[in-house]
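In the numbering used here, the protein residues as written are 58 to 478. C-beta: ideal position from N, C-alpha, C; glycine also. All values reported here derive from a predicted model rather than from experimental measurement. The structure under discussion appears below in the form of structure tokens.
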């Protein structure tokens, strides 16, 4: 990425920003992909075995997993042995030249590697350093291992997911990782704005658990204010009985969000059930909530009269929001037809292809950046060492011979093995 990262019609917001990405797996790579899509230059520093997500089964494009490819477009890869003195020196040299460092090591690991944030920020007061961890850099659980499932469980999110009287369920997306990545990106951007005023960077501490607690939103307030224990939400809303999923006569599920009196009346008219409007059990929102089980039974009986697609069309015409519950392929087909650029086609120089999902931030009148295929392990090592650290080929060969760098990045596959091993 050069100093003037551009989209089709102009310079991108983060053009010229250099980010050293020490992260792996999902939360950190998701964060830096957002920054890359906004124009930042992302230098992905990996161990010689590569980001562990490169080897996640079951789908691969060449030697890189689809999981890795989903979160690492438009980045550059440098692979070094960070535990060696020479590897540490390289990392420190890169830190001296970037605007942002982001890592998702367990707390204390970066310092043990020789990358202590306080030391680095003392040398570079303008440096922005972001850390993502399961439970934060301080606190009683800081040393515990964490994954998405762990923080979904500990945050109460799983207790809200699933159906009444059924087992708790994990969300279908890794919200613990993705939310942490988004909050880290927000923190980084805020720190950069502040640096533009004060000249000083910030140290950012993002906890995956904190991110999930934040996303509890009003459910957390209900629990603290009313002393209740919110339960599983199923496919509905705990305050609005006509904000939920229903099954139509063709067996297909769809959702309706009739959450105002006007929408409630329109829904009854569309369903051909005007008697519900005269029923005192359903006379207002509070009454409908109190008698929700009876209401659901009556609505369910009315909805068998037509298909889900027809109900959605009729309700939509009546300005009652409704939608089919789509599969992921159906949703992606819709996104492509919408033409909003959410489907990103990527092709590597060697002809590998994959389709990924764009960052959903657009700037009116501007096109997004031209995306690059995610880098192979160590693909940019030589160029980065030459351009940023001033090394010559002889220096680089000595580092290869000593095991600090890969002997030949092209011979290393994404499962962390050198060809022939």
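{"Item": "Residue burial classification, residue 238 (beta-carbon count within 10 angstroms, cutoff 16)", "Value": "buried"}
{"Item": "Simplified DSSP state of residue 313, which is helix, strand or coil", "Value": "strand"}
{"Item": "Euclidean distance between Cα positions of residue 416 and residue 348", "Value": "42 Å"}
{"Item": "From 270, 254, 255, residue whose alpha carbon lies closest to that of residue 236", "Value": "270"}
{"Item": "Closest by C-alpha distance to residue 277, when choosing among 265, 165, 216, 247", "Value": "216"}
{"Item": "Beta-bridge partners of residue 302, as assigned by DSSP", "Value": "312"}
{"Item": "Proximity to residue 70 [Cα-Cα], best of 429, 425, 446", "Value": "425"}
{"Item": "With 16 other Cβ atoms within 10 Å as the buried cut-off, status of residue 87", "Value": "buried"}
{"Item": "Complete runs of the beta strand (DSSP E) confined to the stretch 225-277 [at least 3 residues]", "Value": "260-264"}
{"Item": "Of the listed residues 414, 456, 421, 405, nearest to residue 433 (C-alpha basis)", "Value": "405"}
{"Item": "Residue from 437, 409, 458 whose Cα sits closest to the Cα of residue 117", "Value": "409"}
{"Item": "Residues near residue 496 in its chain [Cβ-Cβ closer than 8 Å; skip 5 each side]", "Value": "Since the first and last residues shown for the chain are 58 and 478, residue 496 lies out of range."}
{"Item": "Nearest neighbour of residue 93, chosen from 281, 122, 379, 131 [CA to CA]", "Value": "131"}
{"Item": "Top-ranked residue by Cα proximity to residue 112, from 102, 81, 382, 202", "Value": "81"}
{"Item": "Cβ neighbours of residue 299 in the same chain (closer than 8 Å, five flanking residues each side left out)", "Value": "313, 314, 315, 316, 320, 321, 324, 345, 352, 356"}
{"Item": "Simplified DSSP state of residue 69, which is helix, strand or coil", "Value": "coil"}
{"Item": "C-beta atoms of residue 185 and residue 245 nearer than 8 Å", "Value": "yes"}
{"Item": "Under the three-state DSSP convention, the category residue 480 falls into", "Value": "The displayed coordinates of the chain run from 58 to 478. Any statement about residue 480 would go beyond what the structure contains."}
{"Item": "Span separating the alpha-carbon of residue 474 from that of residue 464", "Value": "A caution first: residue 474 carries a pLDDT of 33, below 50, which makes its placement in the model unreliable, though a value can still be read off. Going by the C-alpha atoms only, they are around 12 Å apart."}
{"Item": "Range of the contiguous beta strand (DSSP E) that encloses residue 344", "Value": "Where residue 344 is concerned, there is no enclosing beta strand (DSSP E), although the alpha helix (DSSP H) it sits in stretches over 342-347."}
{"Item": "Contact set for residue 225: own chain, Cβ-Cβ below 6 Å, skip 5 residues either direction", "Value": "215, 216, 219"}
{"Item": "Inside the stretch 89-177 only - alpha helix (DSSP H) runs reaching at least 4 residues", "Value": "123-126, 142-152, 166-169"}
{"Item": "Same chain, Cβ closer than 7 Å to residue 248, neighbours up to 5 away in sequence not counted", "Value": "185, 258, 259, 261"}
{"Item": "Between the CA atoms of residue 187 and residue 151 - distance to the nearest angstrom", "Value": "16 Å"}
{"Item": "Whole-Å CB distance - residue 77 paired with residue 158, under 8 Å assumed", "Value": "5 Å"}
{"Item": "Reference residue 231; option with closest CA among 242, 207, 223", "Value": "207"}
{"Item": "Own chain, CB closer than 6 Å to residue 441, minus 5 neighbours either side, in chain order", "Value": "135"}
{"Item": "Rounded separation between residue 449 and residue 147 - CA only", "Value": "14 Å"}
{"Item": "Member of 457, 263, 256 whose CA lies at the smallest distance from the CA of residue 160", "Value": "263"}
{"Item": "Proximity below 8 Å, CB of residue 360 to CB of residue 305", "Value": "yes"}
{"Item": "Assumed close pair residue 381, residue 311 - CB separation to whole angstroms, cut-off 8 Å", "Value": "5 Å"}
{"Item": "Residue 265 and residue 191 closer than 8 Å at C-beta", "Value": "yes"}
{"Item": "Residue from 242, 252, 431, 303 whose Cα sits closest to the Cα of residue 121", "Value": "431"}
{"Item": "Candidates 400, 377, 378, of which the one nearest residue 388 by Cα", "Value": "400"}
{"Item": "Backbone CA spacing between residue 227 and residue 395 [nearest angstrom]", "Value": "30 Å"}
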